[in-house]
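Q:
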Amino acid sequence: MAYAATTADATRPMAAEERKVIFASSLGTVFEWYDFYLYGSLAAVISKQFFSGVNPTAAFIFALMAFAAGFAVRPFGALVFGRLGDLIGRKYTFLVTILIMGASTFIVGILPGYASIGIAAPVILIGLRLLQGLALGGEYGGAATYVAEHAPHGRRGAYTSWIQTTATLGLFLSLLVILGCRVSMSPEAFDDWGWRIPFLLSIVLLGVSVWIRMKLSESPAFKRMKEEGKTSKAPLTESFGQWKNLKVVLLALFGLVAGQAVVWYTGQFYALFFLTQTLKVDAQPANLMIAAALLLGTPFFVIFGSLSDRIGRKPIIMAGLLLSIVTYFPIFKAITHYANPALEQAIATAPVVVTADPNECSFQFNPVGTSKFTSSCDIAKSALVRRGIPYTNETAPAGTVAQVKVGSTVIPSFNASAAPAAPASVSVGHGPAPAAAAPAAGATFEKSVGDALKAAGYPPKADPAQTNTFMTIVLLTVLVIYVTMVYAPIAAMLVELFPTRIRYTSMSLPYHIGNGWFGGFLPTTSFAIVAATGDIYSGLWYPIIIAAATLVIGLLFVRETKDVDIYAND
């Protein structure tokens, strides 16, 4: 296949070979994201299967930590496979990544649980999860680079935007397959063996992806560079050991990807978390609403990718960041209004206040399940956080026993630090459970809080009859459109920032640090903020602050790249 697209190519129709490149690269990447997100979608079931040797709360925490491990190792996968991609070629490297991902996912589907093989089960599971993270770290950079290097000059935004749809489509596909399995069998059967079906299906997807990718030729830009003997002998050293390239890597991370990542994870993951954990919308309707928003919003990836070829990558990304910063609070408050109006009404008419000595109050987040929450403040707040009830704080004199005020009803807490107590634990997504102190006092306090909340109109869960599904989907779709604005042009822009000889390595690392770390840990970090403050919207400060920092750095220091000749200076 001929290489080196020219400016004149920008107006010609897409060639058959180029369509095959986009289809094969995108399809394989969809399947990788499908594999990756299956674990997160089934974390609650997996915790019962593989971490049953500990109590249920700790099991769920360990399952989430294993999920996070996949995010943590993504940058290392970017280094390993980025280096291979710049040394031996794009095509064969992302063939390796999809084989690793597909095989790891299939093995999870046949892996015996804790009841069968004991501690070996979670150890093997975490090992497979780490392999998935490493593979994904090499997949995206390879696919984006491969497609961009096939694209005509002036069409890279449009061509690579198809790659940008893959994470959303992979999430959508995982939700769809899981939903199909759930509705086709009883909940007991799904929890027992049905959860394995989505993992086992990955072997079919793997076969199709590998078969299609084997038919592709190497990237024309890499082939040209190799023929001219200009490949990098040490892509890691050249990418990160020389300031002129390292500076661009840092600008790509802090001036583009970090903000893109938090907007992406807020619009697609934190929104689901907010619906199910904070607003208490049942899992099935919440997943369906998210799936509908993804379906409606996904075409905008191609729209904004194509638009970036005309007006530039930077204006679209920066506009998406700015809109997110300005509108996140009103949008999430509106989601509360339409998804759970009873909760909104209760907050307005009977606000909950915790009055306590600040020195008694701990940080209401315990990721390893070992902390004991025994002060009266801890017990009061943890009782509310577990129920997803927002509250405000008032300062009391030192030594005062904390109290919870629900509207006009006041419930005194109690101090359990002097009583024998079992270790307390936290259910991530539901908040910390109070220490099991004097059983009678604890039971009385819990009942009093529950009765007061019920009397004040706080719903135990969202009432489907009161949920305005249409408006909720509209708001969720707006969040997805913000995702498409920041995400659609990012692949083309990252490709255009770096020379061909180190492109795979250089673009992969900032992308996966941004999305794996800044984005991947967003739900946990935001939940910690909510648990500490009592404000159900305070978790939005994390993505807003990161997006604002990226907006400033991007506007001031990141250059526009749409007219860059990616074949020059190689």
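Residue numbering for the sequence shown follows this note's numbering, starting at 13 and increasing by one per position.
From the three backbone atoms N, C-alpha and C, an ideal C-beta is built for every residue, glycine too.
Once the 5 residues before and after Asn257 are set aside, which same chain residues still bring their CB inside 7 Å of it?
A: By 1-based counting over the sequence shown, the position of residue 257 is 245. Excluding sequence neighbours, Asn257 sits near Glu250, Ser251, Ile514 and Ser518.
Q: Rounded to a whole number of angstroms, what is the C-alpha to C-alpha distance between Arg399 and Ala36?
A: Here the question's residue 399 lines up with position 387 in the sequence shown. Here the question's residue 36 lines up with position 24 in the sequence shown. One C-alpha to the other measures close to 46 Å.
Q: So is Val570 buried or exposed if we call it buried at 16+ other beta carbons inside 10 Å?
A: One-based indexing of the sequence shown puts residue 570 at position 558. It is buried - the Cβ of Val570 has at least 16 other Cβ atoms within 10 Å.
Q: Do Gln272 and Gly526 come within 8 Å of each other at the CB atom, strictly closer than that value?
A: Looking up residue 526 in the sequence shown gives position 514. Looking up residue 272 in the sequence shown gives position 260. With respect to the 8 Å criterion, Gly526 and Gln272 are classified as neighbours on the basis of their beta carbons.
Q: For the beta strand (DSSP E) containing Val418, list its first residue and its last residue.
A: Counting from 1 along the sequence shown, the entry for residue 418 is found at position 406. Gln415 to Val418 is the span of the beta strand (DSSP E), which, as asked, contains Val418.
Q: For Ala163, which residues in the same chain have their Cβ closer than 6 Å to its Cβ, ignoring the five residues on either side in sequence?
A: In the sequence shown, counting from the first residue as 1, residue 163 sits at position 151. So the qualifying residues of the chain are Tyr171.
Q: With distances taken between CB atoms, is the gap from Trp174 to Val495 smaller than 8 Å?
A: One-based indexing of the sequence shown puts residue 174 at position 162. One-based indexing of the sequence shown puts residue 495 at position 483. No; because the gap between Cβ atoms is not below 8 Å, this pair is not in contact.
Q: Which residue or residues does DSSP assign as beta-bridge partners of Pro424?
A: As a working note, residue 424 is residue 412 in the sequence shown. Gln415, per the DSSP bridge assignment.
Q: Alpha carbon to alpha carbon, how far is Val416 from Gly528?
A: To locate residue 416, count along the sequence shown from 1; it is residue 404. To locate residue 528, count along the sequence shown from 1; it is residue 516. Those two C-alpha atoms are separated by around 39 Å.
Q: What does the Cβ neighbour count give for Lys393, buried or exposed, with the cut at 16 atoms within 10 Å?
A: The count along the sequence shown starts at 1 and reaches residue 393 at position 381. The residue is buried, with at least 16 neighbouring Cβ atoms inside 10 Å.
Q: How long is the line joining the alpha carbons of Phe316 and Ile136, rounded to whole angstroms?
A: Your numbering for residue 316 matches position 304 in the sequence shown. Your numbering for residue 136 matches position 124 in the sequence shown. If I take the Cα positions, the gap works out to 41 Å.
Q: Between Lys60 and Asp203, is the Cβ-Cβ spacing less than 8 Å?
A: Residue 60 sits at position 48 when you count from the first residue of the sequence shown. Residue 203 sits at position 191 when you count from the first residue of the sequence shown. Yes.
Q: Have a look at the DSSP bridge pairing and note the partners of Val364.
A: Working through the sequence shown from its first residue, we reach residue 364 at position 352. In DSSP, Val364 forms a bridge with Val418.
Q: Would Tyr126 pass as a contact of Phe211 if the rule is Cβ separation under 8 Å?
A: Residue 126 sits at position 114 when you count from the first residue of the sequence shown. Residue 211 sits at position 199 when you count from the first residue of the sequence shown. For Tyr126 and Phe211, no; Cβs fall outside 8 Å.
Q: According to the Cβ coordinates, are Leu291 and Ala368 closer than 8 Å?
A: The residue given as residue 291 occupies position 279 in the sequence shown. The residue given as residue 368 occupies position 356 in the sequence shown. No; because the gap between Cβ atoms is not below 8 Å, this pair is not in contact.
Q: Given Gly150, which residues of its chain have a CB within under 8 Å of its CB, disregarding the five upstream and five downstream residues?
A: In the sequence shown, counting from the first residue as 1, residue 150 sits at position 138. So the qualifying residues of the chain are Gly89, Ala90, Val92, Phe93, Gly94, Leu96, Gly97, Thr105, Phe106, Val108, Thr109 and Ser520.
Q: If we count the other Cβ atoms within 10 Å of its Cβ and call it buried at 16 or more, is Asp390 buried or exposed?
A: Taking the first residue of the sequence shown as position 1, residue 390 is located at position 378. Under this definition Asp390 is a buried residue.
Q: Closer than 7 Å by C-beta to Leu265: which residues in its own chain qualify, once you throw out the five before and the five after it? Chain order, please.
A: Locating residue 265 in the sequence shown gives position 253, counting from the first residue. These residues qualify, in order along the chain: Pro522, Ile525 and Gly526.
Q: Kindly list the residues whose CB is nearer than 7 Å to the CB of Ile359, restricted to its own chain and excluding five residues on each side of it in sequence; keep chain order.
A: Locating residue 359 in the sequence shown gives position 347, counting from the first residue. Excluding sequence neighbours, Ile359 sits near Pro402.
Q: According to DSSP, simplified to helix, strand and coil, what is Glu572?
A: For the purposes of this step, residue 572 is taken as residue 560 along the sequence shown, with counting starting at 1. If DSSP states are grouped into helix, strand and coil, Glu572 belongs with coil.
Q: Under three-state DSSP, which class holds Ala405?
A: In the sequence shown, the residue the question calls residue 405 occupies position 393. The question names Ala, but residue 405 is Asn in the sequence shown. In the structure shown, Asn405 sits in a strand (DSSP, three-state: E or B).
Q: What residue does the alpha helix (DSSP H) around Ile583 start on, and which one ends it?
A: The requested residue 583 does not occur in the structure, where the chain is confined to residues 13 to 582.
Q: Are Leu491 and Thr278 closer than 8 Å when you measure CB to CB?
A: Residue mapping note: residue 491 aligns to position 479 of the sequence shown, counting from 1. Residue mapping note: residue 278 aligns to position 266 of the sequence shown, counting from 1. In terms of Cβ geometry, Leu491 and Thr278 form a close pair [threshold 8 Å].
Q: So, at 6 Å on beta carbons, what are the nonlocal neighbours of Arg141 in its own chain, with the 5 sequence-adjacent residues on each side left out?
A: Here residue 141 refers to the residue found at position 129 when the sequence shown is read from its first residue. If we look at Arg141 and ignore the five residues flanking it on each side, its Cβ neighbours are Ala78, Ala81 and Gly82.
Q: Where are the alpha helix (DSSP H) runs, 4 residues long or more, that stay fully inside the segment 480-522, in chain order?
A: 481-499 and 502-509
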